[in-house]
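Protein chains in written order, with the numbering used here: chain C, 227 to 712; chain Z, 21 to 228. Here is the structure we will look at.
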């Protein structure tokens, strides 16, 4: 089952990371590393259309066209305007091309089916305010959308939105068209925040929202109740008057499974919940079985967002608990958890779980700034490869303290050797975005292969029924979806 | 406490005087005068919002020759008043409210005792909300109100628009209507209340 390492995602030029030429060595290239395919670990995973053969991107387009031809677009008139809303994270999935292809296809099919020509792309971000500007250029979306593609940031001009719970605030540029299309994906990403509750709706309270709304999510309601923010906005009369349909890349941890388009976002959300809980739930639960390891960051993304097997590092920080179990109020890492550490460096409440104790050291070979990450280096011994990378973090307003707790080592090889000696473990998990699988050390591969069948059964028989019950999802829809995936 | 190492610098050749930098600065440190943006170097807290939102790429962040050390020494102020302000805002004094700078609620509360009256004063004096400038706006607004000051939005800017719902004022009918969808409204309010009322330092059993 062990294979040679999968080629990691290549370093990308960005104002948020070091110059790609400074990334001399990828950890997957070092001796002792192997790869595991997720489909080998969990044979029941559905087939993917991307990654695939040479026509994989064409297959994504075909799937998008087919799905977009079936949805109701009759509300869009030729003389009207449409905003296609997208978010930064989609461009970090499987190299970014599949999401960009979806966005291009949406424009083409709307034009074809409605005659509408005034179609704009509005691209939201997290905390790196120019991130989607970079993606728009990289994937040629500015020319494809005929100069009507712009990035948006949460500090941009806002508008009040009256909701069932009171006034929240959206970005003006999101809603300055007659109709909005919600173009997203089912990748789970921040399970520690959303807990797979209304994940498909979340951008309405996050990348499409102003700072006041995002702060409401992260500070005002609590770790689980926070997920109501997006639903409150989406259900508002104002947003409902503009919402036309949602178009999602169906993404599993191993690749793109298909494209899902629906006028009913909640129906799509239930299907996304199935994907998030079952497909991602298995690999996430498996990673919780790791007893000790060195975690390697090696991907063009901020520290918490680097990927291994479709799981982000921030989720691995909480893999010692069940992130999907809503009876656990606080994961090991989420912003509410971070907020609740007192001045003595310990949690204010005794039942707050620690950061995953299996992570003995973090080797930061290549990762971007632009997300407050000092909490990670404060709690996990961290070595950063290259002085340039350490210096870059010292210039980031969000990370002025990251290097207070981390140290730099000149080369990747030296950093790994140091980590092996200091921790005494040879188990390594590499967060480098390896598509369809994961790059790990041989010793860790053995452990994962041994545990995978037991985890698969546990998720299917014990955990999934509990997770679905906690979310009140319509099981009949999910059973239908299971049939179509077989 | 924050060490401010960066300073915004305007390239007058590129600046068009559009005023977006003014609208997004959390400490009102950049103003357009005679159609060009001008940075008040003493007031700039190095958040880079102006640099990140300038449509003409006319602002760059440069290293300060001498870093600024900003922050409030909490120990110099009335601890009971600090606790009172935090509790009124439903925050534990020791809880972190700004994840980028690491500012705790007690430091913001102490800032009011040191003369702060507005969210912009808080950011200027403590450094809170001068990292991402996004996630901590609500606890800051809650603390301004808890300290007894009225919130007055800058009508010419986009610094902030207003307070939003909290766990303590969610409508009962909403909680009932969506109770089965995994939001755990009541349980989360109980958790937040427990945090607010747990005495630090050292956790819930240390000196309770």
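A virtual CB, placed ideally from N, CA and C, is assigned to each residue, including glycine. As the structure is a prediction and not an experimental result, all values here were calculated from the model.
8 Å contact criterion, which residue i and residue j should meet: CB distance rounded
i: residue 558/C; j: residue 582/C; result: 6 Å
i: residue 131/Z; j: residue 106/Z; result: Contact doesn't hold; Cβ gap of about 12 Å is too wide.
i: residue 234/C; j: residue 658/C; result: 4 Å
i: residue 153/Z; j: residue 381/C; result: 6 Å
i: residue 156/Z; j: residue 117/Z; result: 5 Å
i: residue 335/C; j: residue 301/C; result: Not a contact, Cβ separation roughly 15 Å.
Any chain C beta carbon closer than 8 Å to residue i
i: residue 49/Z; result: no
i: residue 150/Z; result: yes
i: residue 30/Z; result: no
i: residue 38/Z; result: no
i: residue 141/Z; result: no
i: residue 135/Z; result: no
i: residue 217/Z; result: no
i: residue 208/Z; result: yes
i: residue 227/Z; result: Interpretation of residue 227/Z is limited by its pLDDT of 40, a score under 50 that renders its predicted location unreliable; no figure is taken from the coordinates.
i: residue 127/Z; result: no
Nonlocal neighbours in the same chain, by C-beta distance under 8 Å from residue i, ignoring five residues either side
i: residue 250/C; result: 637, 638
i: residue 248/C; result: 612, 614, 615
i: residue 56/Z; result: 30, 32, 35, 37
i: residue 566/C; result: 556, 573, 574, 575, 578
i: residue 228/Z; result: Confidence at residue 228/Z is low in this model, with a pLDDT of 32, below 50, so the placement of that residue should be treated as unreliable; the coordinate-derived value is given next. Excluding sequence neighbours, residue 228/Z sits near 218, 219.
Identity of the residue in the options nearest residue i by Cα
i: residue 307/C; options: 519/C, 297/C, 402/C; result: 402/C
i: residue 425/C; options: 410/C, 564/C, 489/C, 666/C; result: 410/C
i: residue 489/C; options: 665/C, 474/C, 348/C; result: 474/C
i: residue 527/C; options: 227/C, 228/C, 242/C; result: 242/C
i: residue 469/C; options: 608/C, 310/C, 502/C, 595/C; result: 310/C
i: residue 274/C; options: 417/C, 407/C, 505/C, 381/C; result: 505/C
i: residue 332/C; options: 634/C, 471/C, 609/C; result: 471/C
i: residue 429/C; options: 653/C, 396/C, 272/C, 445/C; result: 396/C
i: residue 246/C; options: 615/C, 640/C, 266/C; result: 615/C
i: residue 173/Z; options: 46/Z, 89/Z, 63/Z; result: 46/Z
i: residue 399/C; options: 383/C, 577/C, 324/C, 635/C; result: 383/C
i: residue 237/C; options: 555/C, 589/C, 321/C, 372/C; result: 321/C
i: residue 519/C; options: 539/C, 465/C, 586/C; result: 586/C
i: residue 413/C; options: 648/C, 261/C, 317/C; result: 317/C
i: residue 503/C; options: 415/C, 628/C, 632/C; result: 415/C
i: residue 607/C; options: 619/C, 590/C, 597/C; result: 590/C
i: residue 360/C; options: 161/Z, 101/Z, 72/Z; result: 72/Z
i: residue 205/Z; options: 435/C, 452/C, 386/C; result: 452/C
i: residue 101/Z; options: 202/Z, 208/Z, 167/Z; result: 167/Z
Short CB-CB distance (under 8 Å) between residue i and chain Z
i: residue 702/C; result: no
i: residue 534/C; result: no
i: residue 691/C; result: no
i: residue 569/C; result: yes
i: residue 242/C; result: no
i: residue 306/C; result: no
i: residue 510/C; result: no
i: residue 418/C; result: no
i: residue 371/C; result: no
i: residue 698/C; result: yes
i: residue 239/C; result: no
i: residue 554/C; result: no
Same chain, Cβ closer than 6 Å to residue i, neighbours up to 5 away in sequence not counted
i: residue 212/Z; result: 187
i: residue 39/Z; result: 52
i: residue 231/C; result: 254, 259, 261, 665
i: residue 599/C; result: 529, 625, 628
i: residue 355/C; result: 379
Same chain only: Cβ atoms within 7 Å of residue i, ignoring 5 sequence neighbours per side
i: residue 297/C; result: 471, 487, 488, 489
i: residue 541/C; result: 417, 418, 510, 549
i: residue 216/Z; result: 107, 110, 111, 112
i: residue 184/Z; result: 158
i: residue 61/Z; result: 27
i: residue 635/C; result: 609, 611, 641, 644
i: residue 437/C; result: 380, 381
i: residue 25/Z; result: 66, 83, 84, 87
Ranges of the alpha helix (DSSP H) found wholly within the region 117-188 of chain Z, counting only runs of at least 4: 125-133, 139-146, 157-166
Ignoring anything shorter than 4 residues, give me the alpha helix (DSSP H) runs that lie fully in the region 420-500 of chain C, in order along the chain. 437-441, 454-460, 463-466, 491-500
Taking only runs of the alpha helix (DSSP H) that begin and end inside the region 637-685 of chain C, which ones reach a length of at least 4 residues, in chain order? 638-649, 668-684
Kindly provide the ranges of any beta strand (DSSP E) runs that are 3 or more residues long and lie completely inside the region 537-603 of chain C, ordered along the chain. Runs of beta strand (DSSP E) with 3 or more residues, each lying fully within the region 537-603 of chain C, are found at 585-594, listed in chain order.
At 4 residues or longer, and completely inside the region 23-108 of chain Z: list those alpha helix (DSSP H) runs for me, N to C. Here the runs fully enclosed are 40-44, 69-73, 99-108.
List, from N- to C-terminal side, the alpha helix (DSSP H) runs of 4 residues or more that fit wholly inside the region 351-396 of chain C. Segments of the alpha helix (DSSP H) lying fully in the region 351-396 of chain C: 357-364, 367-370.
Could you tell me which whole beta strand (DSSP E) segments of length 3 or greater appear in the region 255-314 of chain C? 259-263, 307-313
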